[in-house]
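Mapped onto full-length UniProt numbering, the consecutive letters of the sequence shown carry residue numbers 1 to 580.
Down below is the structure, laid out as structure tokens.
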Amino acid sequence: MASTTTGGGGYASVSPALKARRQLLNVRTAKYFAVAIAALMGLFIIYHWTWFFYHRYGPKERGPGTKTVVGWQRGIRRFLFRRFAGYRLDRSIVVVTYLAINIVLIFSPSLIQYHFKPLISSFAKRFGWIAVSNLALVFFLALKNTPLAFLSATSYEKLQPLHQIAGYWTVFAAILHGVLYTITFSQSHVLYLFKERDQYVGVIAGFALLTILVSTISVVRQRRYEVFYVVHISMIIVILITVGLHRPDLTTRTLVIVIFAASCWFLDRVLRSAKTTWYFYGNSATLTALPNNATRVVLRRSIKASPGSHAFLWIPAIRAAETHPVTLVSANPVEFVLKAHDGFTSDLLKHALEAPDARLRCSLDGPYGATPDFKTFDKVVLVAGGSGASFAFAVATDIVRNVPRTKKISVDFVWVVKFTETLTWFEKELRQLRDDPRINLIIHTSVSAATSIVPSIDPALSNSDISATSTVAPSHARSLHLLDKADISPAMPQRDPEKGASGPWVASTSPSLYSLDIQLGRPSVPNLVRRAVNEVRVDGSVAVGVCGPASLLHVTRDAVAECIAKDGPSVTMHSETFGW
1 MASTTTGGGG YASVSPALKA RRQLLNVRTA KYFAVAIAAL MGLFIIYHWT WFFYHRYGPK
61 ERGPGTKTVV GWQRGIRRFL FRRFAGYRLD RSIVVVTYLA INIVLIFSPS LIQYHFKPLI
121 SSFAKRFGWI AVSNLALVFF LALKNTPLAF LSATSYEKLQ PLHQIAGYWT VFAAILHGVL
181 YTITFSQSHV LYLFKERDQY VGVIAGFALL TILVSTISVV RQRRYEVFYV VHISMIIVIL
241 ITVGLHRPDL TTRTLVIVIF AASCWFLDRV LRSAKTTWYF YGNSATLTAL PNNATRVVLR
301 RSIKASPGSH AFLWIPAIRA AETHPVTLVS ANPVEFVLKA HDGFTSDLLK HALEAPDARL
361 RCSLDGPYGA TPDFKTFDKV VLVAGGSGAS FAFAVATDIV RNVPRTKKIS VDFVWVVKFT
421 ETLTWFEKEL RQLRDDPRIN LIIHTSVSAA TSIVPSIDPA LSNSDISATS TVAPSHARSL
481 HLLDKADISP AMPQRDPEKG ASGPWVASTS PSLYSLDIQL GRPSVPNLVR RAVNEVRVDG
541 SVAVGVCGPA SLLHVTRDAV AECIAKDGPS VTMHSETFGW
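If you want it as structure tokens, here you go:
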């Protein structure tokens, strides 16, 4: 079909028939995009529920057919679980698949009119449709109350990298859409069309997208989070309005996509606001400064949450326009432990030091997260670094409280800290774990200073509480005194939490002191995971949970990958971290 054009095949005189055909193909492209993305999500949903029902209700004794299927599944999973160039293969495949879907839909001969003259206008239009289709995906992946948390056990924080990648691609497609249309209008001598409202609101939307892109620079996002947040929210509103006005006709279907994106975002904001309002009523937070620049926050109200969940903490007196995601140590009452860095956590510690035990009005938005039910496994390995122990303690104490002693379950609790003073952050929780024979405490410290203060846990812990899998030589293990509060003389100089290093406190040799063996140096996580898996029967199940620095996550993930065997127990891993 030839186009009817003037001025050497210009844009202005394209025949209505060709425009209608191009519109049909672009609408079809948007539908194919939605179907492809839904199918990709569907694969993960099907896999999750298949694994869930097999883990919960599957037969312990596997028949030949089941063994074959499980063997293939574990072989593939072990391969995909590995990292390539710093990224897991399975997640890299998801990203590549996503980009491939976009590229195919842009250049597919069945969806683009290559005979259309000028061809550049067809691609200009196509990139616009790709941009708005991805815009809807960006909004969906940004939902805190995402349906994928239930459908595929994938909470919003695990979707953030995909949200960012889709966001970058949306900006890229929108820029190409604008540039190609500018070239088309210039060649056809119709640049005056940009004066029309439908066109200049599209330009505004493009600049709003670029503004969000600039605000995602780490310097802005990490050091000026409030600026990033305000820019993000305000530009989102601008984009939804201007893109809607850019193509306001419902019959063109673009507005339908915009309405879908706006509805998702608006509903999510309503749900979050409702939670924040509900937990603001009669709620207050008590702040307590802890050694090594940490703060314990205890709320007056409780919350119903799964162990290992997190919530967004809002304390207007600290930051009026910022909520901070924090892992719940306890849900009844709500307790958090936050290590001070920059921004909110630093201001929180400062307030705790200036006004100890002061009560501040506060609220919560949550809970969020999609952690597996660790109580259903035969063996649990919890690996934590520093303040990442909030997750590990929440899971371990839930097992202690809610799993009958008659059930065969054991937990290896591995905690790596820099200073032994950090142990005081979770003094109460350590007592609970120490008193349960099913919990094997494995604590490592990377600083050998003998002057570090240690927590006031009164009963003794024997050497048997420390796993034999530690790679630290026995000569490097040390017995640290555990002081009761009565054993600390009022004359002892107090340590300044702002200074990081230990003060001149020396453990006493009072008869009322007790000892806890702590290994000096880093633990061998691969050995710990391998030993845990070897302790479980072939038809058993092992869960590995990890929270801490990226290096600890990578080491643990690699260790789990090595332990996924066709003829071994089921091994599941959950990392409590934002991103991948």
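Every residue, glycine too, gets a C-beta built ideally from N, C-alpha and C.
Can you give me the Cβ contacts of residue i inside the same chain, cut-off strictly under 7 angstroms, excluding the 5 residues immediately before and after it?
i           : result
residue 593 : Residue 593 is absent from the model: the chain starts at 1 and stops at 580.
Lys339      : Asn293, Ala294, Thr345, Gly386 and Ser387
Val256      : Leu250
Gly343      : Tyr225
Thr577      : Cys547 and Leu553
Arg438      : Ile409, Ser410 and Val411
Val95       : Ile165
His351      : Leu287 and Ile318
Leu143      : Tyr156, Cys264 and Asp268
Quick one: what does DSSP say residue i is sitting in, helix, strand or coil?
i           : result
residue 583 : One cannot answer for residue 583 here, as it falls past the ends of the chain, which runs 1 to 580.
Pro325      : strand
Pro64       : helix
Thr577      : coil
Gly366      : strand
His310      : strand
Ser281      : A small fix is needed here, since residue 281 is Tyr in this sequence, not Ser. DSSP places Tyr281 in coil when its eight states are reduced to three.
Leu111      : coil
Ala289      : strand
Ile409      : coil
Leu267      : helix
Leu143      : coil
Lys566      : coil
Thr371      : coil
Ser188      : coil
Phe426      : helix
Phe390      : For the sequence presented, residue 390 should be read as Ser rather than Phe. Looking at Ser390 - three-state DSSP - the assignment turns out to be helix.
His554      : helix
Ile488      : In this predicted model, Ile488 has a pLDDT of only 31, less than 50, meaning its place in the structure is not dependable enough to derive any value.
His444      : strand
Thr216      : coil
Val571      : strand
Gly244      : helix
Ser234      : helix
Ala320      : coil
Val403      : coil
Leaving aside the five residues before and after residue i along the sequence, list all residues of the same chain whose C-beta is less than 6 angstroms from its C-beta, in chain order.
i      : result
Asn402 : none
Ala384 : Ala392, Trp415, Cys547 and Gly548
Asp465 : Per-residue confidence for Asp465 stands at a pLDDT of 34, beneath the threshold of 50, marking its modelled position as unreliable; the derived number appears in the next sentence. So the list reads Leu441, once near-sequence residues are dropped.
Asn134 : Ala166, Trp169 and Thr170
Phe377 : Ser541 and Ala543
Name the residue from the options whose alpha carbon lies nearest to the alpha carbon of residue i.
i           : options                           : result
Arg361      : Leu287, Phe207 and Ala17          : Leu287
Gly308      : His574, Arg28 and Met41           : His574
Arg77       : Glu576, Pro569, Thr577 and Ile564 : Ile564
Val230      : Tyr181, Asp268, Glu322 and Ser186 : Glu322
Asn534      : Pro109, Asp268, Pro569 and Phe140 : Pro569
Asn145      : Gly545, Arg522 and Gly366         : Gly366
Trp314      : Leu299, Leu271, Lys125 and Phe419 : Leu299
Ala262      : Leu141, Ser188, Arg83 and Lys407  : Leu141
Glu429      : Val400, Leu111 and His444         : Val400
Arg82       : Lys566, Ala561, Val571 and Asp567 : Ala561
Asp373      : Ser446, Ala305 and Arg62          : Ala305
Glu421      : Trp265, Gly540 and Ile518         : Ile518
Leu240      : Gly202, Arg253 and Val214         : Gly202
Val70       : Phe84, Tyr54, Tyr192 and Leu80    : Tyr54
residue 612 : Pro59, His341 and Arg56           : Since the displayed the chain opens at 1 and closes at 580, residue 612 lies outside it and no answer follows.
Lys407      : Lys375, Lys418, Ser390 and Asp435 : Lys375
Leu24       : Tyr98, Ile103, Gln113 and Pro59   : Gln113
Leu520      : Ala532, Val538, Ala550 and Val447 : Val447
Within a Cβ cutoff of 8 angstroms, which residues of the same chain sit near residue i, ignoring the five residues on either side of it in sequence?
i           : result
Ser330      : Ala394 and Thr397
residue 593 : The question about residue 593 has no answer, for the chain in this structure spans 1 to 580.
Lys19       : none
Ala311      : Ile303, Ala305, Pro325, Val326, Leu328, Val334, Leu364, Asp365, Gly366, Pro367 and Tyr368
Gly75       : Lys566
Give me the DSSP bridge partner(s) of residue i.
i      : result
Ala153 : For Ala153, which the question treats as bridged, DSSP gives no partner whatsoever.
Ala262 : BP columns for Ala262 are empty, so no partner.
Phe336 : Val297
Lys379 : Ser410 and Val542
Arg361 : Ser284
Arg88  : Arg83
Against chain D, with Cβ distances strictly below 9 angstroms, would residue i count as a contact?
i      : result
Val536 : The structure shown contains no chain D; it is built from a single protein chain.
task: Report yes or no: do the region 275 to 282 and the region 241 to 250 share at least 3 C-beta pairs separated by less than 8 angstroms?
output: no
- prompt: Quick check: the region 148 to 162 against the region 194 to 208, are there 3 or more CB pairs under 8 angstroms?
  reply: no
field: Given 8 angstroms, three or more beta-carbon pairs between the region 214 to 223 and the region 175 to 194
entry: no
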